[in-house]
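Residue numbers (this note's numbering): 33 to 142.
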Amino acid sequence: MSQEPTPKPEHEEEHGVALAPARPEVRPPPLYRVLLLNDDYTPMDFVVEVLRLFFGMNREKATQVMMHVHTRGRGVCGVFSREVAETKVSQVNDFSRSHQHPLLCTMEQA
């Protein structure tokens, strides 16, 4: 006599292990350094003012960054998301041109 398995009630059926759906790996967006480049024509006071206006530095910090730019050829003003960095670069370059100074601001991936 063969014995057929007795069906289990519906609530007792065996199920596989429930797994949470895998989360996609999300990386934070890349950051960008905003740089000022030294030139032989822009007054130091103007560079300090740019650093205070556009990067929120106090006079002491702005003077330190300006001297770094002056002695080493370039200096970091801050690190931002791409959109913020692009905006800062554009604002500084427009402000410099409107005041007839060749000060150049650029950005690079951090």
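Here a beta-carbon is modelled for each residue, glycine too, at the ideal position from N, C-alpha and C. Everything numeric in this text was worked out from a predicted model, so none of it was measured.
Test item: CB-CB of L67 and R106 under 8 angstroms: Going by C-beta atoms, L67 is nearer than 8 angstroms to R106.
In chain order, what residues of the same chain have a beta carbon less than 6 angstroms from the beta carbon of R65, not counting five sequence neighbours either side? V108, V111, E140 and A142
In chain order, what residues of the same chain lie with their CB nearer than 6 angstroms to the CB of C137, ignoring the 5 residues before and after it? L68, V121, V124 and N125
Among the candidates Y73, R91 and L63, whose CA atom is the shortest distance from the CA of Q132? Y73
Give me the Cα-Cα distance between R84 and A54, rounded to the nearest whole angstrom. 46 angstroms
Spatial distance of G88 from R59 (CA atoms): 28 angstroms
Is it buried or exposed for A94, if we count other Cβ within 10 angstroms and need 16 for buried? buried
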